[in-house]
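To convert, note that position 849 of the sequence shown is 849 in the UniProt record's numbering; the numbers rise steadily by one, no gaps.
All residues carry an ideal CB built from backbone N, CA and C; glycine is no exception.
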Amino acid sequence: KKVTRKVFIWSYRSIQVPHSEYYYQYTECDSTGARWRVAIPRSPGSCSDLPPPTRGTDCSFSCPAGKFLEMSTQQCTPCAAGSYSLGSGLRFDQWDAIPAGFTSLMEYAAAVFCSHCSSSWTPQGVYLESNRDECTVSLVYAVHLEKQGSVSFTYQYPDNNIFFEFYVQNEQCQEMAQTDDQKWIKVTNNGEWDTHTVSLKSGTNILYWRTTGILVGGKMVKPVLLKNIQIEGVAYTSECFPCRPGWFSPTPGSSSCQPCPSNTYSVKGASSCTPCPEHHYSHEGWPECKERPPCSEKDYFQIHTACDSEGKTQVLYRWVEPKICVENITGAVELPATGQREPCPPCNPGYYNSNDSTCLPCPPGTHSDGTYTCAQCPAGTEPVLGYEYKWWNVLRYIYNNTLFMVPASLSGMTGSEFGRITFVFETICSADCELYFMMVKSTTVVESWEGSKGKQSYSHSMTRNASVTYTWAFQRTNHVRRFIADTVKIYSINLTNVIDGVASACRACALVPQNSQRAGSSCVPCPAGFYIDRDTNRCQECPPNTHLAGRQTYGQDACVACGPGSISNKEHSRCYSDCSFTHTLNNRTLTFDLSALSDVASLTIGPSFTSKGTKYLHLFNISLCGHGRAAVCTDNVTDVSNKDDQSDAAQFVNSVDSFICQSTIIPSDGRGFRMAISSQSISLADTFIGATVDTVLNGVSAEPDLFPENSQDVPDINFFYSSTQVTASCDLGRSSVITVRCNPEKSERGELSVPSSCPAGTCDGCTFHFLWESASACPRCTEDDYHRIEGACKGGVQETLYVWNEPKLCTKGVSLPPRSSSPCEAIALWLKVGVGGGAFVAVLLISLTCYFWKKNKRLEYKYSRLVMSANKECELPAADSCGLAEGEEPDDDVVYAQKPSLLGKLRAIANKEDGESSESVQLKSSQSDRWVLG
Numbered sequence: 001k002k003v004t005r006k007v008f009i010w011s012y013r014s015i016q017v018p019h020s021e022y023y024y025q026y027t028e029c030d031s032t033g034a035r036w037r038v039a040i041p042r043s044p045g046s047c048s049d050l051p052p053p054t055r056g057t058d059c060s061f062s063c064p065a066g067k068f069l070e071m072s073t074q075q076c077t078p079c080a081a082g083s084y085s086l087g088s089g090l091r092f093d094q095w096d097a098i099p100a101g102f103t104s105l106m107e108y109a110a111a112v113f114c115s116h117c118s119s120s121w122t123p124q125g126v127y128l129e130s131n132r133d134e135c136t137v138s139l140v141y142a143v144h145l146e147k148q149g150s151v152s153f154t155y156q157y158p159d160n161n162i163f164f165e166f167y168v169q170n171e172q173c174q175e176m177a178q179t180d181d182q183k184w185i186k187v188t189n190n191g192e193w194d195t196h197t198v199s200l201k202s203g204t205n206i207l208y209w210r211t212t213g214i215l216v217g218g219k220m221v222k223p224v225l226l227k228n229i230q231i232e233g234v235a236y237t238s239e240c241f242p243c244r245p246g247w248f249s250p251t252p253g254s255s256s257c258q259p260c261p262s263n264t265y266s267v268k269g270a271s272s273c274t275p276c277p278e279h280h281y282s283h284e285g286w287p288e289c290k291e292r293p294p295c296s297e298k299d300y301f302q303i304h305t306a307c308d309s310e311g312k313t314q315v316l317y318r319w320v321e322p323k324i325c326v327e328n329i330t331g332a333v334e335l336p337a338t339g340q341r342e343p344c345p346p347c348n349p350g351y352y353n354s355n356d357s358t359c360l361p362c363p364p365g366t367h368s369d370g371t372y373t374c375a376q377c378p379a380g381t382e383p384v385l386g387y388e389y390k391w392w393n394v395l396r397y398i399y400n401n402t403l404f405m406v407p408a409s410l411s412g413m414t415g416s417e418f419g420r421i422t423f424v425f426e427t428i429c430s431a432d433c434e435l436y437f438m439m440v441k442s443t444t445v446v447e448s449w450e451g452s453k454g455k456q457s458y459s460h461s462m463t464r465n466a467s468v469t470y471t472w473a474f475q476r477t478n479h480v481r482r483f484i485a486d487t488v489k490i491y492s493i494n495l496t497n498v499i500d501g502v503a504s505a506c507r508a509c510a511l512v513p514q515n516s517q518r519a520g521s522s523c524v525p526c527p528a529g530f531y532i533d534r535d536t537n538r539c540q541e542c543p544p545n546t547h548l549a550g551r552q553t554y555g556q557d558a559c560v561a562c563g564p565g566s567i568s569n570k571e572h573s574r575c576y577s578d579c580s581f582t583h584t585l586n587n588r589t590l591t592f593d594l595s596a597l598s599d600v601a602s603l604t605i606g607p608s609f610t611s612k613g614t615k616y617l618h619l620f621n622i623s624l625c626g627h628g629r630a631a632v633c634t635d636n637v638t639d640v641s642n643k644d645d646q647s648d649a650a651q652f653v654n655s656v657d658s659f660i661c662q663s664t665i666i667p668s669d670g671r672g673f674r675m676a677i678s679s680q681s682i683s684l685a686d687t688f689i690g691a692t693v694d695t696v697l698n699g700v701s702a703e704p705d706l707f708p709e710n711s712q713d714v715p716d717i718n719f720f721y722s723s724t725q726v727t728a729s730c731d732l733g734r735s736s737v738i739t740v741r742c743n744p745e746k747s748e749r750g751e752l753s754v755p756s757s758c759p760a761g762t763c764d765g766c767t768f769h770f771l772w773e774s775a776s777a778c779p780r781c782t783e784d785d786y787h788r789i790e791g792a793c794k795g796g797v798q799e800t801l802y803v804w805n806e807p808k809l810c811t812k813g814v815s816l817p818p819r820s821s822s823p824c825e826a827i828a829l830w831l832k833v834g835v836g837g838g839a840f841v842a843v844l845l846i847s848l849t850c851y852f853w854k855k856n857k858r859l860e861y862k863y864s865r866l867v868m869s870a871n872k873e874c875e876l877p878a879a880d881s882c883g884l885a886e887g888e889e890p891d892d893d894v895v896y897a898q899k900p901s902l903l904g905k906l907r908a909i910a911n912k913e914d915g916e917s918s919e920s921v922q923l924k925s926s927q928s929d930r931w932v933l934g
């Protein structure tokens, strides 16, 4: 090596090459931290006649901000005016094109390039824009750090329907250890920019900015915007970065550039800004000027002056700032003249008109509707605190107004609602403008409306006891001037139950008990679950199994009875099922014990696929009974950094708890994520209506035709739920029905299912149906569910068995009685009596038969003797004539004598016993002659 190095030194000293044909670069650092400066030809293949290598600066050497390392002298040199340097860092803030070293990769599914996607990170001048579809797009940059450093970037992330993650890999493509809040980027408020910083280790770091759109609802997502990427930890920078167009640095040695003021512009690398030509304008940081258009009605607006001492106001017109139009050219309109003085509108409710005609809030304990001075609330009443804005002469009282919710123990509010905000609005749009209503701390969009919407009211219920700030954001169709007419009108805003609010009316309150030691207050807050009695104005607890409904707790009618099959909790804030149910069927009472179904159950439906093929699942968490609203659904991406935060903001992460909630799940294998993604969590059941065997309850229908017919004799139990939070598609809110069915073939926990015709659990998006088949849904067993079987008497012992009726449609309850045995006789008494009676009848019949048989023989004997005697004498005794009279015709050739009946024979026997010596016998003959024997 030494010999080779000497040869190089000798050869480089012999010839001089112009500096424009090569540039310097350092070699890799060796184990001692040393490196060499070598010359690299600008033309490939020209490796001769270059300056010899020289020992370079130490590997840890870096220049301060505002300077760069001049490689020819290896000295730190100030940057020229119009450029800047970070010293040991890199900054990327110009996005006319993707800078060198950055790569945009399109992916689909698990690390598979998306052949049918055309998405990428798109440069937009001052920022990069991510994809808007379902493809996965990664922005990649590799950097080698000589020491520990960091990367920070400014971003805008307005839509949680697109997943935005940032992670780092080493040179072996192994992901570096990161916490969830470092990897998953937080959502920003609409239109606001945030900065994310992650520490980097020395060595090679491969940076990934990755976005994935999820179009489950078919709605186009809003892209992620990225700008001002800055990396610290680079050993040196060998050049300064020129200021981007619209920015400048006036002095040498600058570490950053400044934006050009309004109505000026600059080109790339400018040290100063140039004023715009006449009738042209620019905004701060613009790289060019635009021609000022003629002024029109869209360029000014009207306001009302503050009320004067006479209670008068007048309309003033002001130009929209910054003013960019020209009013002294052809076709331009002028600013209208000031309007006539007119009476001031009244103050908003809760305010009064002061001596100087200024609206001021009423003092505590007083109220006003805005048209009269503040008055004290009557005895036994208290002011209804809140805000109501319907006159917009002055906005000073609503700007930066934080809504503080009153604790339920102080306000008599129900456990499910601590306050409510209602506003009336209208949007007028040229195309696809959008209005957002958001909670600021959690960056959660409560509701949004696209396009033009007629005048309508929207109401949002506060279900957590904490302070929260609301904001309205309006995004016009485009930033170009032709859509400047897009407007949103908010007519009124009403806030209820606000600490330190104002009052427009008073309401009855509970009086301090006479034996109370409290002084200076005539009202006392009722405990949770109590109402104010109308007669005594004292707090009274609601009756059992009732709950406080609405925001008014005055009178016992504020306590509403729970629905069928439900009870109230201790605070009377909600009703729920205690897992027991009874029903009378055919004069038989069926008792159900559903405690085996009390734990929260989960049902996953899918997979389903979006139009681009993204796989997603619907996850339902269901709390049927026993625990109230125990089902919880949480987004695990958009607000993951707040999961351990106990601040107020943490209370507003996108997590819902209810009887039934739903989340959309993106499996980890569906888009190449390293974890399953849970998003779009919503509540389907905030209120338990009741449980009944009927198919309709409070207007909610169970739709039994959606499921297979129940073939058992046990009726289905329908659990009805509702959610009063309205949505754009459900004006009355969502509702849910869980049909619990007895099925002995299922386990105790059973099995959940949804209608086959509605695979997402709902057919209209507003009412959800579930079928829960379980052995635990069968009634408790009673004595009517089994029967007794008696065995044969063997050896004087008889056994008795008890068996269940088939099919067995009961569970738990009574048990089968044990097998029993009892003494018995071989022949039963009834059998003995029967056999004895039968024997007597048989003997009687045999005796009679023998008697009549003997009697018949005697008659035959007498008859035979009579016939023989007649044959000998050839005549018979005279008898009545049986001949035919003259003219008669014989009826029949043969006449048969009737056989004497048993009664006749008995009579004959009786006559014989009376001493009669003759008998009459009828003879049968084939001749027409008739013989009569006397």
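Give me the residue from the options with the minimum Cα distance to residue i.
| i | options | result |
| --- | --- | --- |
| GLY233 | ILE206, THR211, LEU200, THR264 | LEU200 |
| ARG35 | ARG42, GLY66, GLN74 | GLN74 |
| SER430 | VAL488, VAL468, TYR236 | VAL488 |
| CYS377 | ARG507, TRP392, ARG318 | ARG507 |
| TRP449 | ASP432, TYR23, LEU831 | ASP432 |
| SER88 | HIS144, PRO44, GLY33 | HIS144 |
| ALA792 | SER822, ARG780, ALA777, CYS778 | SER822 |
| SER31 | TYR389, ARG244, SER457, CYS59 | CYS59 |
| VAL803 | CYS781, GLY796, GLY795 | CYS781 |
| GLU291 | LYS323, SER580, THR496 | LYS323 |
| ILE98 | ILE229, CYS173, ALA839 | ILE229 |
| GLN725 | CYS758, SER747, THR687, GLU284 | THR687 |
Exposed or buried, residue i, counting other C-beta atoms within 10 Å across all chains shown (16 or more means buried)?
| i | result |
| --- | --- |
| HIS279 | exposed |
| HIS787 | exposed |
| GLY690 | buried |
| GLY331 | exposed |
| LEU732 | exposed |
| ASN586 | exposed |
| LEU829 | exposed |
Look at the Cβ atom of residue i, then the Cβ atom of residue j, and state whether they are nearer than 9 Å.
| i | j | result |
| --- | --- | --- |
| GLN662 | HIS618 | yes |
| TYR265 | SER282 | yes |
| PHE166 | GLN182 | yes |
| GLN169 | TYR141 | no |
| VAL151 | THR103 | no |
| THR212 | THR154 | no |
| VAL502 | PRO293 | no |
Could you check the C-alpha separation between residue i and residue j for me, to the nearest Å?
| i | j | result |
| --- | --- | --- |
| LEU594 | LEU697 | 20 Å |
| ALA650 | ALA596 | A caution first: ALA650 carries a pLDDT of 40, below 50, which makes its placement in the model too unreliable to give a value. |
| THR469 | MET438 | 9 Å |
| ASP500 | ARG244 | 50 Å |
| GLY56 | GLN25 | 9 Å |
| TYR436 | LEU139 | 29 Å |
| ASN636 | ILE677 | 7 Å |
| CYS730 | ILE622 | 21 Å |
With DSSP as the reference, please indicate the residues paired to residue i in a beta bridge.
| i | result |
| --- | --- |
| ILE206 | ALA142, GLN169 |
| GLY386 | THR496, VAL502 |
| GLU799 | SER821 |
| MET71 | Answer by DSSP bridge pairing: none, since MET71 is not bridged. |
| ALA685 | ILE660 |
| TRP36 | ARG55 |
| SER31 | In DSSP, SER31 forms no bridge with anything. |
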